[in-house]
Amino acid sequence: MKEELKLLYFVHDFQHHVVKNFYYLSKGLEDVCDCRVWHKPANIHEVMKELDFQPDFILINDVSGSPSITGLEEVDIPIGLLIHDAHRNVNKRNIFIEQYDIQFLFTIYRDEFLKRHPQYKKRMFWLPHFVNTNIFKDYQYPKEINWLLMGMITNHYPTRQRVYRRMRNKNGFVYYRHPGYKNVNEQDKRIFVGENYAKEINRAKMFITDDSKLHLPFMKYYEVLACNTLLLATVNKELLDLGFKPKENFVEINKYNFEQVADYYLIHEEERKKIAQAGYEMVHERHSLEARVKELIDMIKPIVKKSDSID
């Protein structure tokens, strides 16, 4: 049974993008409430004329992930901003928040938001990453890759750089370059995105990554565990608060011990599989698309109720 909530979601079309989670979120919202998704630049009054309902809440996919919408200051509907990378577009976001008096800020990264936007602490709702478990799952593929590294290896990711330099010639180590943040053809098997990406992760015994110089709990952490592959990764407090537990559902590494740890878990297969299975179960239970959509709806409903009582 659908929620009675009527939601208007402004977001770019990410259906064919390398990062599809905002597309998945829109589909998840459409499944559980009366949600309309808008991709094109427009004036809010033009948008409202085309809708077949009056929205209870307007959600905007950050200042860089949504079309330009004018006239928002003229509507008496609560507005929320979904914030991705809090370290980017800080000034532009501050201006937007003040211009439209945005009171409800849903941030993917908690600690980075508080660092970059401390003045909005009381407006913050923590809405972490999630995985579409119809895509990121255990495909039961043979574990043919010992250690997999995928993504960018710039100076921004110091541990990844060291892993690549030390392990690139190691038998059983595989690295794939990041395809870039853009729209892609998912039928191109040379590009690891969506299902192709998930299947390749599932073929690995271990996946090695880090949280960058900013120490962010990236989406990759969730995706790896969701595919029942052992995650070897650097850790941060926010990650621990999300239910990631070292040696229980993933393995903590640093830039000095990663090779020793990688070799250990290659030999100790039973221990490796036990930790990977625990990670798989944790992510599928706590960080699925369905779980996160429910959390978002549960955050929005009291806002709408309070707004209705004020009216």
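If you're matching positions, the sequence shown starts at 93 in this note's numbering and goes up one per residue.
Even for Gly, the Cβ is constructed at its ideal location relative to N, Cα and C.
query	result
Rounded separation between Tyr256 and Ala368 - CA only	22 Å
Identity of the residue in Val139, Ala354, Asp123, Ser158 nearest Asp105 by Cα	Ser158
With 16 other Cβ atoms within 10 Å as the buried cut-off, status of Gly172	buried
Endpoints, alpha helix (DSSP H) assigned at Thr321	Segment: none, Thr321 is in no alpha helix (DSSP H) and carries neither H nor E.
Cβ pair Val103, Asn153 closer than 7 Å	yes
Reduced DSSP secondary structure (H/G/I, E/B, other) of Gly157	coil
Where Ala134 falls: helix, strand or coil (DSSP)	strand
Coarse secondary structure for Met140, derived from DSSP in three states	helix
Same chain only: Cβ atoms within 6 Å of Met311, ignoring 5 sequence neighbours per side	His221
Phe342, buried or exposed, once every other Cβ within 10 Å from all chains shown has been counted against 16	buried
His109 - DSSP class collapsed to helix/strand/coil	strand
Contact under 7 Å by Cβ, Asn275 with His131	no
Beta-bridge partners of Thr246, as assigned by DSSP	Thr246 is not bridged to any residue.
Pro394 versus Glu204 - alpha carbon distance	26 Å
Leu100 versus Glu330 - alpha carbon distance	30 Å
Beta strand (DSSP E) runs contained entirely in the segment 362-397, provided each spans 3 or more residues	none
Tyr192 versus Gln107: straight-line alpha-carbon distance, rounded	28 Å
Neighbourhood of Lys214 by C-beta distance below 6 Å, restricted to the same chain and skipping five residues each side	none
Nearest neighbour of Arg260, chosen from Leu241, Thr246, Leu308, His270 [CA to CA]	Leu241
Simplified DSSP assignment, three categories, for Phe114	helix
Neighbourhood of Lys305 by C-beta distance below 7 Å, restricted to the same chain and skipping five residues each side	His248, Pro250
Under the three-state DSSP convention, the category Thr162 falls into	strand
Proximity winner among Lys207, Thr199, Gly264, Lys291, relative to Tyr231 (alpha-carbon distances)	Lys291
Three-state secondary structure assigned by DSSP to Val129	strand
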